[in-house]
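Asks: So in numbering that gives the first Met the number 0 the end of the sequence shown lands on 452, straight run, no missing numbers. For every residue, glycine included, the Cβ atom is placed at its ideal position computed from N, Cα and C. The structure presented is a predicted model; accordingly, all values stated were derived computationally and were not measured.
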Amino acid sequence: MSLEHNPIAQLVTQIQNKWKEEVTPFPLLKLVRWLIIPEQARLYEGFLRLESTASGNLPDMIIVLLTPFTSAKNHSKNLIQNWIESYKKDTETIKALKERDPNYNWDTSVYEAKISEDQKENNLLLIEMLHDFQNLLPEDDRVLTFTLFPYSIEDTNDYGKWLVTMIEFGLPEHVRFMIFDYADERHFDLTMKEAEDLGKSLSVPLDLDGAISKISEAGDPNKPDVQFRKCVAKMSKAVSNNNTESVHLWGKKAIEAAQRSGLKSFFATAHIVYAGMLFEFKEFEIIQELLSKALTLAKQGLKSGDDNCKPILIQVYGFQASAKQLEKKPEDAATLFCKQADIALEYGYPQQPLTAWWLAYNAIKKKDKEQYKSIVEKAYEFGSQQEVDTLQSTCMTFIAADYYNILDKQNDKEQCKEIDTFMITVDGEDWRSQVEAKRKEMEKRKLSLFNWF
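(1) Let's test the definition: count the other Cβ atoms within 10 Å of the Cβ of leucine 289 and tell me whether it reaches 16, buried, or not, exposed.
(2) Out of Gln370, Ala112, Asp306, which one is the CA nearest neighbour of proline 329?
(3) Please check if any C-beta of chain C sits within less than 9 Å of the C-beta of glycine 347.
(4) Could you tell me the alpha carbon to alpha carbon distance between tryptophan 249 and lysine 233, rounded to whole angstroms?
(5) Given this structure, state the Cα-to-Cα distance separating proline 101 from glutamine 324, to the nearest angstrom.
(6) Could you pull out every residue in the same chain whose Cβ sits closer than 7 Å to the Cβ of asparagine 81, ignoring the five residues on either side in sequence?
(7) In terms of residue numbering, what span does the alpha helix (DSSP H) encompassing threonine 69 cover?
(8) Can you tell me whether glutamine 226 is buried or exposed? The criterion is at least 16 other CB atoms within 10 Å of its CB, across all chains shown.
(9) Is the distance from the Cβ of glycine 55 to the Cβ of isoleucine 7 below 9 Å?
(10) Am I right that threonine 190 and valine 163 are in contact with their C-beta atoms under 8 Å? What's the rounded C-beta distance?
(11) Please report the straight-line C-alpha distance between leucine 277 and glutamate 284, rounded to a whole angstrom.
(12) Determine contact between the region 30–44 and the region 103–123, defined as no fewer than three beta-carbon pairs at a distance below 8 Å.
(13) Do three or more CB pairs link the region 6–21 to the region 147–160 at distances below 8 Å?
(14) DSSP three-state label for proline 26, please.
(15) Please state if the CB of valine 203 and the CB of lysine 19 are separated by a distance shorter than 9 Å.
(16) Taking the C-alpha atoms as reference points, what is the distance between threonine 420 and serine 383?
(17) Identify every run of the beta strand (DSSP E) within the region 280–322, keeping only runs that are complete inside it and at least 3 residues long; order them along the chain.
(18) Under 8 Å by Cβ, that's how I've got alanine 71 and aspartate 157 pegged, so tell me the actual separation to the nearest angstrom.
(19) From the DSSP secondary-structure annotation, give me the bridge partner or partners of valine 63.
(20) If you draw a straight line from the alpha carbon of lysine 298 to that of leucine 312, how long is it in whole angstroms?
(21) Got a sec, what are the start and stop residues for the beta strand (DSSP E) aspartate 89 sits in?
(22) For glutamate 111, which residues in the same chain have their Cβ closer than 7 Å to its Cβ, ignoring the five residues on either side in sequence?
(23) Quick one: grab the DSSP three-state call for tyrosine 348.
(24) Three-state secondary structure (DSSP) at tryptophan 430?
(25) Restricting to Cα atoms, I'd like to know which of Ile286, His74, Thr90, Ile61 is closest to glutamine 433.
(26) Could you have a look at lysine 365 and say whether DSSP puts it in helix, strand or coil?
(27) Excluding the 5 residues preceding and the 5 following phenylalanine 176 in the sequence, name in chain order all residues of the same chain whose CB lies nearer than 8 Å to its CB.
(28) Whose CA, out of Ala257, Glu326, Lys263, lies closest to the CA of aspartate 306?
(29) Lysine 160: which of Asp224, Lys97, Thr69, Leu10 sits nearest, CA to CA?
(30) Tell whether a beta-carbon distance below 9 Å holds between serine 392 and glutamine 351.
(31) Measuring straight from C-alpha to C-alpha, what distance separates aspartate 196 and leucine 135?
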């Protein structure tokens, strides 16, 4: 399906057009806020990923940072450090800038040397970096849009004050901030009011459900995969409408469509998807029946040489564990999560065991302290042997923090120091404070397989 006819790409185009119409003609804007709904977050994330590359469609130079907000005191410092780190890794952007200007050179060591513990000095240093980076762009008047998309915000009021402070200090010419806010919560209304002459809020009515539905029904309607996608879309809509009867209707049809494909892996997946939809309704007896059938099918598929069944087996154990957890059977949940980790290791998936162990020991923590400690230690020892780059997209920081706390209570200062030294290479000097910020964000959501990050 070509991009111009891809329904999701069309939504991204709507976002781009909104920016071009409402922001591009006004170069003096310093703070642009997108008002979105939670379901659209991934779509906007895709928009930012696109605009951060040479394939972007906006006239602005887009820099995106996911730095969590812990406090106004440390935020500029954390942004500076993360920006420098990201810039050094972004070889494509550096290459593109040097192709346009062979003399291009942004010496980040100058800023690294100026980082301090003083909040105001770091605020001014960030402004200096923004000015210098924009000044080095091949087009003198090209706007640098510094996009702040933190994956956690500890205090929205404090974050809003930090934004206002930065604007009052004076963002450089051709530099502005892009931020995001939930339309039904509007955390930053006061911030936007204080930056009234320099700010603008944007919103786009996006039919995300309709776009997904169009994609699911694209193709030959007689093919099992097309029929299956249609059933999944119908199930999702039924879940949103709290219609259990409709979920069962389309769930059974999804299984029938997958069975016609003749592929054990596809047939097993249909059972998993149907079971996943029923979690919302806590129909655990049916869920376990569906997952047991999926497990049998995946094992049969493996015996017949279908390697696609390996990740499916891993997935089944995770779903079974989450069901037991929701049924308030933590011992069973922990056992199944550990089984998931073992299978992932056996089949050569080195990142997934970390997630499984993390979920396992969190499930058992209040029931069995010794097993909790044992799994935490096992998870950390395994994780510490992996490549640093691969750990940055896992829950390793949580595991390391939990192991650190265990050892700290045992007064094992030497091992605590070893953990701190290692984790600084993974997530930077503030790794422990960042973990705590993430924990507070996650306290608002139930810990399970479906929303663990």
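Replies: Looking at the coordinates:
(1) Reading the sequence shown from its first residue, position 290 is the one you call residue 289. Looking at its Cβ environment, which holds 16 or more other Cβ atoms inside 10 Å, leucine 289 is buried.
(2) Walking along the sequence shown from the start, residue 329 turns up at place 330. In terms of Cα proximity to proline 329, the closest of Gln370, Ala112, Asp306 is Gln370.
(3) Considering every chain present, this structure includes no chain C. It has just one protein chain.
(4) Counted from its first residue, the sequence shown places residue 249 at position 250. Counted from its first residue, the sequence shown places residue 233 at position 234. Rounded to the nearest angstrom, the two C-alpha atoms are 7 Å apart.
(5) Numbered from 1 along the sequence shown, position 102 holds the residue referred to as residue 101. Numbered from 1 along the sequence shown, position 325 holds the residue referred to as residue 324. Glutamine 324 has its alpha-carbon roughly 58 Å from the corresponding atom of proline 101.
(6) Here residue 81 refers to the residue found at position 82 of the sequence shown. Only Leu64, Thr66 meet the Cβ criterion.
(7) Translated into positions along the sequence shown, residue 69 becomes position 70. From DSSP, threonine 69 is part of no alpha helix (DSSP H); its letter is neither H nor E.
(8) As a first step, residue 226 must be located in the sequence shown, where it is residue number 227. Within 10 angstroms of the beta-carbon of glutamine 226 lie 16 or more other beta-carbons, which makes it buried.
(9) The sequence position of residue 55 within the sequence shown is 56, counting from 1. The sequence position of residue 7 within the sequence shown is 8, counting from 1. With contacts defined as CB atoms closer than 9 Å, glycine 55 and isoleucine 7 fail to qualify as a contacting pair.
(10) Taking the first residue of the sequence shown as 1, we reach residue 190 at position 191. Taking the first residue of the sequence shown as 1, we reach residue 163 at position 164. That belief holds up - the Cβ atoms of threonine 190 and valine 163 are roughly 6 Å apart, short of 8 Å.
(11) Locating residue 277 in the sequence shown gives position 278, counting from the first residue. Locating residue 284 in the sequence shown gives position 285, counting from the first residue. One C-alpha to the other measures close to 10 Å.
(12) Taking a cut-off of 8 Å for Cβ pairs, the region 30–44 and the region 103–123 do not touch, as fewer than three such pairs fall below it.
(13) Counting C-beta pairs closer than 8 Å gives fewer than three between the region 6–21 and the region 147–160, which falls short of the contact rule.
(14) Translated into positions along the sequence shown, residue 26 becomes position 27. Residue state, collapsed to three classes: coil.
(15) As a working note, residue 19 is residue 20 in the sequence shown. As a working note, residue 203 is residue 204 in the sequence shown. Going by C-beta atoms, lysine 19 is not nearer than 9 Å to valine 203.
(16) For this step, residue 420 is matched to residue 421 along the sequence shown. For this step, residue 383 is matched to residue 384 along the sequence shown. In a straight line, the C-alpha of threonine 420 is about 11 Å away from that of serine 383.
(17) Runs of the beta strand (DSSP E) inside the region 280–322: none found.
(18) The residue you call residue 71 lines up with position 72 of the sequence shown. The residue you call residue 157 lines up with position 158 of the sequence shown. At roughly 5 Å, the Cβ-Cβ gap stays under 8 Å, so alanine 71 and aspartate 157 are in contact.
(19) Position 64 of the sequence shown, counting from 1, holds the residue named residue 63. Thr146, per the DSSP bridge assignment.
(20) The sequence position of residue 298 within the sequence shown is 299, counting from 1. The sequence position of residue 312 within the sequence shown is 313, counting from 1. Their backbone Cα atoms lie some 8 Å apart in a straight line.
(21) For the purposes of this step, residue 89 is identified with residue 90 of the sequence shown, where counting begins at 1. Going by DSSP, aspartate 89 is part of no beta strand (DSSP E) at all; its letter is neither H nor E.
(22) In the sequence shown, the residue the question calls residue 111 occupies position 112. The answer, listed in chain order, is Ile83.
(23) Position 349 of the sequence shown holds residue 348. Coil, per DSSP.
(24) Working through the sequence shown from its first residue, we reach residue 430 at position 431. Helix, per DSSP.
(25) Taking the sequence shown and counting its residues from 1, one reaches residue 433 at position 434. Across the set Ile286, His74, Thr90, Ile61, the C-alpha of His74 shows the shortest separation from the C-alpha of glutamine 433.
(26) By one-based count along the sequence shown, residue 365 stands at place 366. Reduced to three states, the DSSP call for lysine 365 is coil.
(27) Here residue 176 is taken as the residue at index 177 of the sequence shown, counted from 1. Answer for phenylalanine 176: Lys29, Leu30, Val31, Thr144, Phe145, Thr146, Leu147, Leu162, Met165, Ile166, Leu170, listed in chain order.
(28) The residue you call residue 306 lines up with position 307 of the sequence shown. For the options Ala257, Glu326, Lys263, the alpha carbon positioned closest to that of aspartate 306 is the one of Lys263.
(29) Walking along the sequence shown from the start, residue 160 turns up at place 161. Nearest C-alpha to lysine 160: Thr69.
(30) Residue numbering aside, residue 392 sits at position 393 when the sequence shown is read from its first letter. Residue numbering aside, residue 351 sits at position 352 when the sequence shown is read from its first letter. It is not a contact, given that the beta carbons lie outside the stated cut-off.
(31) Residue mapping note: residue 196 aligns to position 197 of the sequence shown, counting from 1. Residue mapping note: residue 135 aligns to position 136 of the sequence shown, counting from 1. Straight through space, the alpha carbons of leucine 135 and aspartate 196 are spaced by roughly 28 Å.
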